[in-house]
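Right, one structure below, let's go through it.
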Amino acid sequence: MASANKPRVKVPKKAAAGDIITIKTLISHKMESGQRKDKDGAAIPRKIINHFKAEFAGQTVFETVIEPGMSANPFLSFSAKVQESGDFQFTWTDDDGSVYEASKSITVS
Amino acid sequence: MQIKKASQLAIRALLAPSIALAVSSAAIAGPDENELSIEGTAIATDAEAPEGSNLQHLYSGWRYRSSETQALQMDDFENPAFTAVDTGEELWNTVDGSKGKSCASCHNDAAESMVGVRAKMPRWSNTLDRPHTMETQINACREEQMGAEVWKWESGDMLGMTAYLGLQSRGMPVAVDLSEGDMQSWAEQGEEIYNTRYGQLDLACANCHGSNNGKMIRADHLSQGQVNGFPLYRLKWSGLGSMHRRFKGCMDNIRAEPFKRGSDEFIALEVYTANRGNGLSVETPAVRQ
Amino acid sequence: MSFNRRQFIAIGTGVSASAVLGLAPSTASAAGELAQAAIDAFSGDATPAEGKITLTVPEIAENGNTVPVEISVESAMSEDDYVAEVMILADGNPAPGLATFKFTPMSGRANASTRVRLAQTQDVYAVAKMSDGSVYMTSKSVKVTIGGCGG
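Chains as they are written, first to last, in the numbering used here: chain G, 7 to 115; chain Y, 1218 to 1506; chain B, 53 to 203.
Here's what the structure looks like:
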């Protein structure tokens, strides 16, 4: 699969004030659980995305603490209530400290 | 090509009753009746069997999967293969190699120029005097037209590109043409491999996917072994994989020494299996278990 | 040789008896303990009650690597009354934790979907903690199948 950890995000482009929209996110990541063993029987160290956050205009809308039981290429779908136009910020945090980001704008009438 | 037969009679004697039990005692259930529609567009998942086929009707592997697995293919966002498609699209527009070109430099918009290409693969190459698969064709272009390095068969780059280009034929009927060059003889070699028993389990592709498709083997619903969805996202791999990876996996499962990706054997098998599925819609990038 | 209920289900779905016997009964119950400990820690002083949570999982997961899970909790999601957190667990996994969803009134609705790994046939739990500290819980069984040729 792709070597880079690419995020994909789906946010409706438009909504009416007060609408509850559905947001879908996916990021390519092996999510090495720490349970697997290599050819010599040694445990392959854990390396997963351990946290996801969705913010709107700097305020947290939704967060997930992610455990090794999550599938590879973590998929998260959730809701958000929108009152005004603005930008959603999405952040994924890797065990190794790397941070992956994406953002999407929405026009709210 | 050496035909391998299992000589461990003891193992066969032990396994034969349990395999027979697993297949005959479980429910015989053909493919389901579900309909595939992606982003609002209906895609046929079955077709009339081509003339001379020993299948009564063609069914895509999609029809044998659980409804949750099927659902993953019905939405291009839910389909985990699409991060690879994004990679492919990026690579298409990236300059690479000594000649300073990207794929787009010659082929412009893939959504126009690549329509129908994957549907006809593998196809005959007069220059090479052998068939081209998507992978070998991409590498030929990279080497000769771009002066770029070839990609490994199962690399993220190659998978991304074959997924992206395969998508441009999605919904079109597979149409492998055996009348060109020596395609017919490659198909016949592929058919022979398909019908040859290999490995400790002494099984041929035909034993499961020909005679027993539709039945349950343990808890797996046996498909016809069609290849119209490759490269595809396999839940077992938690990732995208090529057709030849799947061929190799099946050979590993029957405890055979597998042929290599890109080998003459697997290319012949690809020619045969793709042609065997002529008429099925391209579903690349599909989702399977 | 006695089989527990989980092993009976595994045999029933076609898993060979030898594969089932390979699962040490002690592993299965140890995971149950870990899951219970996590639920206790999450619930704090509250006792989990039934209701409010809809947990959607497949009855049979074709492959344990990618099992869709969806939770939805009834709530006004207002500033004074909202779902604060929902934890999902798998009691038969080597480590039961799957994810903890954290909601805010800005979520609008307390629902989330994801995909999880299930190592074997087992129960998936969803535990919801409300803004007032009350806790709700539900669980569902998922059969996880093994492919035909061990593939």
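Beta carbons are placed, not taken as given, at the ideal position from N, Cα and C, and that holds for glycine.
Listing by chain order, which chain G residues have their CB less than 8 Å from the CB of residue i?
i                 : result
Val168 of chain B : Gly75, Met76, Ser77
Ala142 of chain B : Gly75
Just list the residues that DSSP pairs residue i with in beta bridges.
i                  : result
Pro120 of chain B  : B:Arg167
Ala1264 of chain Y : Y:Leu1275
Ala162 of chain B  : B:Val125
Asn1495 of chain Y : Y:Leu1497
Pro1348 of chain Y : Y:Trp1341
Gln65 of chain G   : G:Phe62
Gln174 of chain B  : B:Val194
Thr1353 of chain Y : Answer by DSSP bridge pairing: none, since Thr1353 of chain Y is not bridged.
Ala49 of chain G   : G:Lys43
Gln88 of chain B   : The partner list for Gln88 of chain B (beta bridge, DSSP) is empty, contrary to what the question assumes.
Val114 of chain G  : G:Ala21
Glu38 of chain G   : G:Lys53
Met182 of chain B  : B:Val135
His1438 of chain Y : Y:Met1433
Asp101 of chain G  : Per DSSP, none; premise fails for Asp101 of chain G.
Phe1483 of chain Y : Bridge partners of Phe1483 of chain Y: none, in fact.
Gln95 of chain G   : G:Glu61, G:Ser109
Tyr188 of chain B  : B:Ala101, B:Ala180
Gly96 of chain B   : Paired residue(s): none; Gly96 of chain B is not in a bridge.
Gly149 of chain B  : B:Leu141
Ser85 of chain G   : G:Thr28
Ile112 of chain B  : B:Lys195
Thr70 of chain G   : G:Phe58, B:Phe153
Find the residues of chain Y that neighbour residue i, judging by a C-beta separation of less than 7 Å, and give them in chain order.
i                 : result
Ile198 of chain B : Arg1435, Ala1436
Ser4 of chain G   : The structure shown does not extend to residue 4 of chain G, since chain G is modelled only from 7 to 115, so the question has no answer here.
Pro120 of chain B : Glu1285
Lys45 of chain G  : Chain Y residues near Lys45 of chain G: none, gap ~15 Å exceeds 7 Å.
Pro110 of chain B : Ser1283, Glu1285
Give me the chain G residues within the contact set of residue i, using Cβ-Cβ distance strictly less than 7 Å, ordered along the chain.
i                  : result
Pro1502 of chain Y : By Cβ distance, chain G contributes nothing, its closest Cβ being about 11 Å from Pro1502 of chain Y, past 7 Å.
Thr1490 of chain Y : None at all; the shortest Cβ gap to chain G is about 24 Å.
Interface residues of chain Y around residue i at Cβ under 8 Å?
i                : result
Thr12 of chain G : The question names Thr, yet the displayed sequence has Lys at residue 12 of chain G. Under the 8 Å cutoff, chain Y gives Thr1300, Asp1303, Thr1304.
Lys16 of chain G : Phe1294
Lys30 of chain G : Phe1294, Glu1295
Which bits of chain B does residue i rub up against, with CB to CB less than 8 Å?
i                  : result
Arg1282 of chain Y : Glu114
Glu69 of chain G   : Phe153, Lys154
Glu72 of chain G   : For clarity, residue 72 of chain G is Ile in the given sequence; the question names Glu instead. Here the neighbours are Ala151.
Ile26 of chain G   : Gly160, Arg161
Taking C-beta pairs closer than 9 Å, name the residues in chain Y that residue i reaches, listed in chain order.
i                 : result
Pro146 of chain B : Ordered by position in chain Y, no residue passes the 9 Å Cβ test against Pro146 of chain B, which lies about 17 Å from the chain.
Any heavy atom of the ligand FMN closer than 6 Å to the beta-carbon of residue i?
i                  : result
Ser1440 of chain Y : You won't find the ligand FMN in this model; it holds no ligand whatsoever.
Report the neighbours of residue i on chain B: residues whose CB is nearer than 7 Å to its CB, in chain order.
i                : result
Ser83 of chain G : Ala164, Ser165
Gln41 of chain G : Pro146
I want to verify the contact list: residues of chain B whose CB lies under 9 Å from the CB of residue i, in sequence order.
i                : result
Lys87 of chain G : Met129, Pro157, Met158, Ser159, Gly160, Arg161
Thr66 of chain G : Lys154, Thr156, Met158
Phe62 of chain G : Met158
Residues of the stretch 1436–1455 of chain Y with Cβ closer than 7 Å to any Cβ of chain B, in chain order: Ala1436, Asp1437, Leu1439, Leu1452, Lys1453, Ser1455
With a floor of 3 residues, list each beta strand (DSSP E) that falls wholly inside the stretch 1270–1340 of chain Y, ordered by position along the chain. 1274–1276
Does the stretch 175–192 of chain B come into contact with the stretch 86–105 of chain B, if we say contact requires no fewer than three beta-carbon pairs (one atom in each stretch) closer than 8 Å? yes
Every unbroken alpha helix (DSSP H) within the stretch 1357–1428 of chain Y, with a cutoff of 4 residues, ordered by chain: 1373–1384, 1400–1411
Using 8 Å as the cut-off, can you tell me whether the stretch 1372–1391 of chain Y makes contact with the stretch 1470–1486 of chain Y, which would need three or more C-beta pairs spanning the two stretches below that distance? no
Contact the stretch 1336–1356 of chain Y vs the stretch 1297–1315 of chain Y: 3+ CB pairs below 8 Å: no
Counting Cβ pairs closer than 8 Å, one from the stretch 89–96 of chain G and one from the stretch 54–73 of chain G, do we hit at least three? yes
Are at least three pairs of beta-carbons, each pair with one atom in the stretch 110–126 of chain B and one in the stretch 42–54 of chain G, less than 8 Å apart? no
If we count Cβ pairs, one from each stretch, closer than 8 Å, do we get three or more for the stretch 1333–1340 of chain Y versus the stretch 1374–1394 of chain Y? yes
Is the stretch 21–30 of chain G in contact with the stretch 107–114 of chain G, if contact means three or more CB pairs nearer than 8 Å? yes
Evaluate contact between the stretch 162–179 of chain B and the stretch 136–153 of chain B, counting only Cβ atoms and requiring at least three cross-stretch pairs below 8 Å. yes
Does the stretch 1452–1469 of chain Y come into contact with the stretch 71–79 of chain G, if we say contact requires no fewer than three beta-carbon pairs (one atom in each stretch) closer than 8 Å? yes
Using 8 Å as the cut-off, can you tell me whether the stretch 1272–1288 of chain Y makes contact with the stretch 1427–1444 of chain Y, which would need three or more C-beta pairs spanning the two stretches below that distance? yes
Counting pairs of beta carbons, one from the stretch 173–187 of chain B and one from the stretch 1413–1422 of chain Y, are three or more of them closer than 8 Å? no
Is the stretch 1308–1327 of chain Y in contact with the stretch 1396–1404 of chain Y, if contact means three or more CB pairs nearer than 8 Å? no
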